[in-house]
Amino acid sequence: MAIENFLYTYISNEEEYAKGDTIIKEGSKGDWVYVILEGTVKVKKMSSKGMVTINTLSEGEIFGEMILWRAGKGLRTATVIAETDVKVGLLDTEMLVKEYESVSPRLKSLIGSLISRLSKTTQKAVKLAVSLK
Amino acid sequence: MSKNQNAENGFPIVKLRYKKGDLIIKEGDYGLSIYKILKGSVAIFTEDNGKEVQLASLGPNSTIGEMLFLNENIERRSASARAMEDSLLEVWHPGLLKQEYEQMPPVIKYIADQTLKRLNGMNRLVVKLTDQQRKGAMVKKEEDSWISRRRYYRKKVNLPFTCSPLSSNVKMRLEGLIKDISLGGAGLEVKSLTTPVFPYGVGEEFLFKTMLPNEKNVEFECKLVSLKEGKAKETFIMGVSITEISEHSAKNLGFFLMP
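The listed protein sequences derive, respectively, from chains F and L.
Just so it is clear: in the first sequence, position 98 is 342 by my numbering, and no numbers are missing.
Just so it is clear: in the second sequence, position 75 is 80 by my numbering, and no numbers are missing.
Structure follows, in structure tokens:
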């Protein structure tokens, strides 16, 4: 997936991570939203039986965006680990929040509903994965 | 189901009452309306091999039926929705939202699209896992078969290794000697720690690297399954179980382990 041009407007910094590095740690505080410029990352959730991989993301994909919707009360809802050497763009959270504020209330409630469903469904999937372990 | 109608910009906003058990959306149907739950609760479910799999249970302020609106690539309802108790829903005509959607900043659209894609992926995963659970399939992931893996031939060695944590706040890399290794895991002697207390707990995941005597590299992801103090001073013995290994590394290790 190519990086959409409009995204560059929001990238305020770039960072590089080596394979195996933790980019985001579940439960920690953090404000950045990331876009992958190069490489792939794994998204993992803590469970009673260790870490469960819930997704693999690649170029052009966003992560850390849950912070925008305050889905985790300001805390990270998953761990993100570099699967390869990775280059990420750090998106200006304040700018994103402002853009989100301009969205109509109806669409906001629609997006909010999507987010909460994604959180719930992810928890359900992790629970199921653990029960099958 | 009973109606109560209003209008905005020529588009009707209808409030519908559903009785407990009423079907609101049927999977596979054509339909474009979006619903917002005002009162009550609604279960979202899909059918898999003739059985219902519940994907979510939603309460007031949640919306349902938004998938078709947000994803122009799908034409039919991707899941069903049923009232779990007597519920009141507001129905939005998609035309009402279309203009608002077009004015939405591209970056928000972009992120919302990805969220939608992930939700779809997660729904599929829930269906798959529920299916596995029902079949009672013993689909144990490799990483938890440490005990059975112990059946593998274990070779005693004295090779240097490094282990970098995959997911910890502690970034300390571990070094030492491999005492024994198999296709399932390894016993590792960690030395020259800079902290008096071992910085990791059982369950911690690492990226393990070593070079075999034939100069072939072996790399795998592993999980700490046991930990004890070593015989020598300030050493620790950790047992790790391999959770992920590339075909290439597995081949190198396999050759090395051949008796």
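A virtual CB, placed ideally from N, CA and C, is assigned to each residue, including glycine.
Computed from a prediction, not measured in an experiment: that's the story for all the values here.
Exposed unless 16 or more other CB atoms sit within 10 angstroms - verdict on residue i
i: residue 109 of chain L; result: buried
i: residue 368 of chain F; result: buried
i: residue 129 of chain L; result: exposed
i: residue 228 of chain L; result: buried
i: residue 153 of chain L; result: In this prediction, residue 153 of chain L scores a pLDDT of 46, lower than 50, which makes its location untrustworthy; the coordinate-derived value is nonetheless stated afterwards. Exposed, because fewer than 16 other Cβ atoms sit within 10 Å of the Cβ of residue 153 of chain L.
i: residue 375 of chain F; result: exposed
i: residue 84 of chain L; result: buried
i: residue 252 of chain F; result: exposed
Alpha-carbon to alpha-carbon, residue j and residue i
i: residue 45 of chain L; j: residue 191 of chain L; result: 54 Å
i: residue 247 of chain F; j: residue 79 of chain L; result: 24 Å
i: residue 278 of chain F; j: residue 169 of chain L; result: 23 Å
i: residue 37 of chain L; j: residue 73 of chain L; result: 7 Å
i: residue 59 of chain L; j: residue 124 of chain L; result: 14 Å
i: residue 295 of chain F; j: residue 82 of chain L; result: 33 Å
i: residue 94 of chain L; j: residue 64 of chain L; result: 11 Å
i: residue 144 of chain L; j: residue 258 of chain L; result: Confidence at residue 144 of chain L is low in this model, with a pLDDT of 41, below 50, so the placement of that residue should be treated as unreliable; the coordinate-derived value is given next. Cα to Cα, residue 144 of chain L sits roughly 25 Å from residue 258 of chain L.
Residue i and residue j closer than 8 Å at C-beta
i: residue 373 of chain F; j: residue 182 of chain L; result: no
i: residue 334 of chain F; j: residue 256 of chain F; result: yes
i: residue 320 of chain F; j: residue 356 of chain F; result: no
i: residue 268 of chain F; j: residue 330 of chain F; result: no
i: residue 86 of chain L; j: residue 361 of chain F; result: no
i: residue 119 of chain L; j: residue 306 of chain F; result: yes
i: residue 184 of chain L; j: residue 161 of chain L; result: yes
i: residue 88 of chain L; j: residue 25 of chain L; result: yes
i: residue 242 of chain L; j: residue 194 of chain L; result: yes
Any C-beta of chain L under 8 Å from that of residue i
i: residue 365 of chain F; result: yes
i: residue 350 of chain F; result: yes
i: residue 354 of chain F; result: yes
i: residue 322 of chain F; result: no
i: residue 328 of chain F; result: no
i: residue 325 of chain F; result: yes
Test: residue i CB closer than 8 Å to a CB of chain F
i: residue 113 of chain L; result: yes
i: residue 87 of chain L; result: no
i: residue 117 of chain L; result: yes
i: residue 245 of chain L; result: no
i: residue 131 of chain L; result: yes
i: residue 109 of chain L; result: yes
i: residue 251 of chain L; result: no
i: residue 216 of chain L; result: no
i: residue 127 of chain L; result: yes
**Request:** For the region 184-214 of chain L, enumerate the residues whose C-beta is nearer than 7 Å to any C-beta of chain F, in chain order.
**Result:** Of all residues in the region 184-214 of chain L, only 208, 210, 212 come within less than 7 Å of chain F when Cβ atoms are compared, listed by chain position.
**Message:** Output needed in chain order: residues of the region 223-241 of chain L with a Cβ under 9 Å from some Cβ in chain F.
**Reply:** Here the close residues are 226, 228.
**Asked** Taking a cut of 8 Å between CB atoms, which residues from the region 25-47 of chain L lie near chain F?
**Response** Those would be 39, 41, in chain order.
**Positions along the region 55-68 of chain L whose CB lies within less than 9 Å of some CB in chain F** = Interface annotation for the region 55-68 of chain L against chain F: 59, 60, 61, 62, 63, 66, 67, 68, criterion Cβ-Cβ distance under 9 Å.
**Chain-ordered residues of the region 76-103 of chain L with a beta carbon less than 8 Å from chain F** = Residues of the region 76-103 of chain L with a C-beta atom less than 8 Å from some C-beta of chain F are 97, 101, 102, listed in chain order.
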